[in-house]
């Protein structure tokens, strides 16, 4: 097997987290009196760093972004965190890869504390050797930084045997920043064009295709 260390994204790759994220965004927007985003804009919040999404969509300053993120988390911590479900076939993919001797890691732009709660909630924690995410203070939020942090903390040195799996362009670009190959998945929130333009090494349509590929 070519790839022995496998990094997985969370939202849109392991879980369909759309409902919880969208409801939390709507709550934050309402509290701040901002214009309600359309469907496409709402879905753009899934995956990228939260602060970046609020800043990009509304042109908020640092203080306003901080408020938006705080309102988002107010809802998300109470309800949104578990308003999601695991994609069909993912537990089988994780079990198969682990059985084959792969070391599995999570690398997500979601705060690490939430990622650990979510994997624990869905009984997936035992598949992963390490769970790495963003810091709550926002200092580590971009995907490239999270991947770099994961590689360092997990002491992964052989980058040629390491691959990142995710559904959005920032997953692919983050992998590139760290000299990793990548798999773009089409069952999440990205699309073929987005993943091709970002430069995904491989693109799959279903979770089971990950096993076939690897």
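In the working numbering, the protein residues as written are 85 to 298.
Don't be surprised by glycine CBs; every beta carbon is placed ideally from N, CA and C.
Is the CB-CB distance between residue i and residue j below 8 Å?
i           : j           : result
residue 191 : residue 248 : yes
residue 164 : residue 104 : yes
residue 250 : residue 268 : yes
residue 169 : residue 99  : yes
residue 199 : residue 156 : no
residue 222 : residue 135 : yes
residue 126 : residue 109 : yes
residue 142 : residue 107 : no
residue 214 : residue 233 : no
residue 291 : residue 211 : no
residue 235 : residue 195 : no
residue 260 : residue 283 : yes
residue 86  : residue 202 : no
residue 132 : residue 218 : no
residue 265 : residue 289 : no
residue 270 : residue 287 : yes
residue 237 : residue 253 : no
Classify residue i as helix, strand or coil using the three-state DSSP reduction.
i           : result
residue 165 : helix
residue 195 : strand
residue 143 : coil
residue 100 : strand
residue 228 : helix
residue 214 : strand
residue 260 : helix
residue 253 : helix
residue 238 : coil
residue 136 : helix
residue 209 : helix
residue 223 : coil
residue 110 : helix
residue 275 : coil
residue 130 : coil
residue 204 : helix
Just mark residue i as buried or exposed, buried being the case when its beta carbon has 16 or more other beta carbons within 10 Å.
i           : result
residue 145 : exposed
residue 154 : exposed
residue 89  : buried
residue 281 : exposed
residue 193 : buried
residue 120 : exposed
residue 272 : buried
residue 241 : exposed
residue 255 : buried
residue 262 : buried
residue 117 : exposed
residue 137 : buried
residue 225 : buried
Which residues share a DSSP beta bridge with residue i?
i           : result
residue 171 : According to DSSP, residue 171 bridges with nothing at all.
residue 248 : 91 and 266
residue 288 : 269
residue 187 : 89
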